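1 is the number of the first residue of the sequence shown in this note's numbering; add one for each residue after it.
Think of the CB as a built atom: it goes at the ideal place given N, C-alpha and C, for glycine as much as any other residue.
Because the structure is a prediction, the values reported are computed rather than measured.
Remarks on the structure that follows.
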Amino acid sequence: MRDGATGEEEGALSASTITKLRVALVAAPLAAPIVAPFGTVTTRHNILVRVETEDGAWGIGEAWGNFPPWGCSDRVDILVNVIRHLLVGQPLDDPARLYFLLAGKLRALANQLGAVGPFQQALAGADIALWDAAARSAGQPLADFIRGGPSPRRVEVYATNLPIVRPGSIEEMAAKGHTRFKFRVPGDDPVLLERLRDARAAAGERPLMADATQSFRLETLRPLAHPLAELSLGWLEEPFLADDLDSYAAWRDEAVRPPVALGENSYRLQGFRQVLDVVRPDVVQPDITKTGGISEGRDICREILMRGRRACLHMYGGPIGLYASAHLSAAIDGTSWLEMDSMPNPLFEMLLRDEPDVRGGGLALPIGPGLGDDLFREEVFERFEVR
Numbered sequence: 001m002r003d004g005a006t007g008e009e010e011g012a013l014s015a016s017t018i019t020k021l022r023v024a025l026v027a028a029p030l031a032a033p034i035v036a037p038f039g040t041v042t043t044r045h046n047i048l049v050r051v052e053t054e055d056g057a058w059g060i061g062e063a064w065g066n067f068p069p070w071g072c073s074d075r076v077d078i079l080v081n082v083i084r085h086l087l088v089g090q091p092l093d094d095p096a097r098l099y100f101l102l103a104g105k106l107r108a109l110a111n112q113l114g115a116v117g118p119f120q121q122a123l124a125g126a127d128i129a130l131w132d133a134a135a136r137s138a139g140q141p142l143a144d145f146i147r148g149g150p151s152p153r154r155v156e157v158y159a160t161n162l163p164i165v166r167p168g169s170i171e172e173m174a175a176k177g178h179t180r181f182k183f184r185v186p187g188d189d190p191v192l193l194e195r196l197r198d199a200r201a202a203a204g205e206r207p208l209m210a211d212a213t214q215s216f217r218l219e220t221l222r223p224l225a226h227p228l229a230e231l232s233l234g235w236l237e238e239p240f241l242a243d244d245l246d247s248y249a250a251w252r253d254e255a256v257r258p259p260v261a262l263g264e265n266s267y268r269l270q271g272f273r274q275v276l277d278v279v280r281p282d283v284v285q286p287d288i289t290k291t292g293g294i295s296e297g298r299d300i301c302r303e304i305l306m307r308g309r310r311a312c313l314h315m316y317g318g319p320i321g322l323y324a325s326a327h328l329s330a331a332i333d334g335t336s337w338l339e340m341d342s343m344p345n346p347l348f349e350m351l352l353r354d355e356p357d358v359r360g361g362g363l364a365l366p367i368g369p370g371l372g373d374d375l376f377r378e379e380v381f382e383r384f385e386v387r
């Protein structure tokens, strides 16, 4: 049952039966390729999930699928061949009930295929769509529906994925309303410190973060601990392989170092508890399109906050995932900055009717029930729908 809801309130949704689960795989070619440690991205992909009920209610969600591009087909297949059959015919009474019901049914198959990540990511997209549909049926903004009462209408964000070779991109993002900035930094860059110093000079006193995307080894990062700390970074994100908990634990014990952040590659509450127990990171970054949807994402955020760590939702995908993350951030007091892709991203232009409203480092939540009225272009979904 959702927070703040009585049994009678939940029962108002119980008569609405899910009749359809539809999936779209949107492909948006990039004008300029993105060079990442894992490879070069020439097209941004976005996996969208739409649920519909017998009384005409609907909701939209996003499943993680930004890299590698050929991995999107696995998530689509899971949604179409497995999750669709489990959800159709279910009452849309409580999104969390449906999420945990499906999580239990998917577990053995995910283990059998050795594909826990793809199954969890597909389920997360369906879960977001269920919450959007339930909030729309209740006539409430998604954040209010999650909280069980009024929530803030604006959340603090930071501009992400800035190229470290272009410190001037800070002012480009500032012109879009941003006040916080995160650069991607390759671990094999011989002049990384000089580049980061240039970025710090451009940022001035404004928050500056660095994302290493699992590209360092402990022995190569240790000599940089002190000079990186002198740059007053908000955090250094995923310096090591996400499953190399020993290196993270050793880095945590460095006497002088920048704060460490990770979590986007952890799964479900159990996975985050392991990270919190072993690594005890300064900043923890669940991604609701990937790690736990909204149903388990809210539990993960509360666990992070209860442990005295910062909860900063990770989000590097499309606009549906961004706004769903913004609603969850608004619904849980104490949640910190939300990641926001602010570099040229054709997914935003294709899917949104209006540009995101960012002012003074805060993203406005769209007006209306669910994720927001008239938020996205439905014709794009229909164009890319997987039949």
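So what's residue i in DSSP terms, helix, strand or just coil?
i, result
"K176", "coil"
"G11", "Low per-residue confidence applies at G11: pLDDT is 38, beneath 50, and the placement is therefore not dependable, though the value from the model is reported in the following sentence. Correct three-state label for G11: helix."
"P346", "helix"
"M1", "Note that M1 has pLDDT 41, beneath the 50 cutoff, so the model's placement of it is unreliable and the number below is only indicative. If DSSP states are grouped into helix, strand and coil, M1 belongs with coil."
"M209", "strand"
"V82", "helix"
"G59", "strand"
"A261", "strand"
"I332", "coil"
"G71", "helix"
"L218", "helix"
"L233", "coil"
"V278", "helix"
"R97", "helix"
"G362", "strand"
"P150", "coil"
Drop a sphere of 10 angstroms on the beta-carbon of residue i, count the other beta-carbons inside from all chains shown, and report buried for 16 or more, exposed for fewer.
i, result
"H226", "exposed"
"K176", "exposed"
"R383", "exposed"
"A12", "Residue placement at A12 is flagged as unreliable, the pLDDT there being 42, under the threshold of 50; the coordinate-derived value follows with that caveat. A12 comes out exposed."
"K105", "exposed"
"E194", "exposed"
"P223", "exposed"
"L113", "exposed"
"V260", "buried"
"T289", "buried"
"M315", "buried"
"R387", "exposed"
"V23", "buried"
"G361", "buried"
"L109", "exposed"
"E205", "exposed"
"G4", "Summary for G4: the model assigns pLDDT 40, below 50, so the residue's position carries little reliability, and this model does not support an answer."
Pull up the distance between the alpha-carbon of residue i and that of residue j, whole angstroms please.
i, j, result
"R153", "I332", "12 Å"
"G61", "G321", "7 Å"
"Y99", "C72", "21 Å"
"Q90", "T17", "6 Å"
"L162", "L208", "11 Å"
"A203", "G234", "12 Å"
"N111", "Q270", "16 Å"
"E219", "L228", "15 Å"
"D144", "I128", "15 Å"
"L75", "G117", "Note on residue identity: the sequence assigns Arg, not Leu, to residue 75. Roughly 9 Å between the two C-alpha positions."
"R377", "V278", "44 Å"
"A326", "G372", "12 Å"
"A364", "P356", "7 Å"
"V256", "L231", "12 Å"
"M396", "K182", "Shown here, the chain extends from 1 to 387; a query on residue 396 therefore has no answer."
"I170", "A201", "10 Å"
"D244", "R302", "25 Å"
"I78", "A122", "7 Å"
"E10", "D55", "Unreliable positioning characterises E10 in this predicted model, as indicated by a pLDDT of 41, which lies under 50. The coordinate reading is nonetheless provided below. The alpha-carbon atoms of E10 and D55 are separated by roughly 16 Å."
"A242", "F381", "33 Å"
"L375", "A115", "33 Å"
Which partner residues does residue i have in the DSSP bridge list?
i, result
"D341", "T160"
"S370", "In the sequence as displayed, the identity of residue 370 is Gly instead of Ser. P141, per the DSSP bridge assignment."
"P91", "T17"
"I47", "L25 and A63"
"F181", "A159 and L208"
"L352", "F376"
"A311", "V284"
"A36", "G39"
Check whether chain D comes within 8 Å of residue i, counting only Cβ atoms and requiring the distance to be less than that.
i, result
"A135", "This model lacks chain D altogether; it includes just one protein chain."
- Would you call the region 149-164 and the region 334-348 in contact, with 3 or more CB pairs under 8 Å? yes
- Say whether the region 126-140 touches the region 32-50, bearing in mind that this needs 3 or more beta-carbon pairs closer than 8 Å, one atom from each stretch. yes
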